[in-house]
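Heads up, the thing below is written out as structure tokens.
Residue numbers (our numbering): 17 to 223.
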């Protein structure tokens, strides 16, 4: 279970849940889920919407596996004929893609997650935590160095190009480009995240 920010850095991680559980089940049984539900994380105060007096809370962005809550947003279900709801789902999808890219960058660079980890549960959890720490450190360095820095160089992250998506190069590093389809890509990502024991895809504070 993990949360990231708009800079592709992990901000909260709860490692060690069984991969046979659904994302929603992992969340419900995790310390992170308990802390979020009981407002123990020091959420920022509600803020006014642009050009409005209406205040809204800070939220986590989640997918369909999670319950809609005052501090957690998820897509409207099904195919939407309502334009407003369709636009909302599109923007939410863009926000959630940052979490997918964060996991993708870490997995493409740390190949230990390409296959099941042959180790004790304690060691596997320590490996996952170490990767999270190293990934964040390298992403911070990246933000203060020349654009040629090779951990996450230009073009490595997905880019929205108008109505289309330009896939980041990390995808080619961990999954054959000629095999990309919506269904098998999603299935592969799901299996990958289960192996990482960090199977939720959420992002904090981006809509």
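Virtual Cβ for every residue (Gly too), placed ideally from N, Cα, C.
Residue from 133, 110, 187 and 168 with nearest C-alpha to residue 178: 110
Residue 115 versus residue 173 - alpha carbon distance: 11 Å
Contacting residues, own chain, Cβ-Cβ under 6 Å from residue 171 (five flanking each side not counted): 185
DSSP beta-bridge partners of residue 176: 181
For residue 145 and residue 27, the rounded distance between their alpha carbons: 12 Å
Cα-Cα separation, residue 93 to residue 99: 14 Å
Per-residue burial, residue 56 [other beta carbons within 10 Å of its own, 16 or more giving buried]: exposed
One or two residues paired with residue 26 in a DSSP bridge: 20
Exposure label - residue 22; buried when at least 16 CB within 10 Å: exposed
CA nearest to the CA of residue 81, picked from 54, 41, 120 and 101: 41
Distance between beta carbons of residue 32 and residue 141, contact taken as under 8 Å: 5 Å
Assigned secondary structure, residue 199 (DSSP; H/G/I helix, E/B strand, else coil): Any reading at residue 199 must be qualified, since the residue scores a pLDDT of 48, below 50, and its modelled position is unreliable; no value is offered.
Residue closest to residue 62, alpha-carbon to alpha-carbon, out of 73, 52, 68 and 69: 73
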